[in-house]
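Residue numbers (my numbering): 78 to 162.
One structure below.
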């Protein structure tokens with residue numbers, strides 16, 4: 078998975094912060110990503126699925142992931158996130 082500017086473990090922190098800041102924008106994108114990833118996983122093991130169906134499902138999952146990543150702000154070098162209470 079291409080995480081772009083995010084390091085290992087940082088991506089979930091960034092998603093959590095974005096969700097806390099703007100849940101109305103982030104929640105539908107997370108739901109779309111979960112749905113598309115689930116469909117792609119199902120299509121990858123379904124013996125009745127066609128190659129075209131598998132490719133379309135994988136492309137939809139990639140697009141949903143890219144759409145979510147596009148709204149996230151990459152972390153600044155050396156910056157740390159304070160935990161919200």
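The beta carbon of each residue, even a glycine, is placed where N, CA and C say it ideally should be.
How big is the Cα-Cα spacing for residue i and residue j?
i, j, result
"residue 86", "residue 149", "15 Å"
"residue 89", "residue 146", "11 Å"
"residue 78", "residue 103", "For residue 78, the predicted structure reports a pLDDT of 47, less than 50, and the residue's modelled location is therefore unreliable. The matter cannot be settled from this model."
"residue 101", "residue 138", "21 Å"
"residue 132", "residue 115", "14 Å"
"residue 91", "residue 113", "21 Å"
"residue 109", "residue 142", "9 Å"
"residue 130", "residue 84", "32 Å"
Taking 8 Å as the cut-off, decide whether the C-beta atoms of residue i and residue j are in contact.
i, j, result
"residue 120", "residue 140", "no"
"residue 107", "residue 144", "no"
Can you tell me whether residue i is buried or exposed, with buried defined as 16 or more other CB within 10 angstroms of its CB?
i, result
"residue 111", "exposed"
"residue 136", "exposed"
"residue 117", "buried"
"residue 93", "exposed"
"residue 162", "Because the pLDDT of residue 162 is 38, which lies under 50, any placement of that residue in the model is unreliable, and the question is left without a value."
Inter-stretch contact at 8 Å, needing at least 3 Cβ pairs: the stretch 122-140 / the stretch 89-108: A contact between stretches requires three or more CB pairs, one per stretch, nearer than 8 Å, and the stretch 122-140 fails this requirement with the stretch 89-108.
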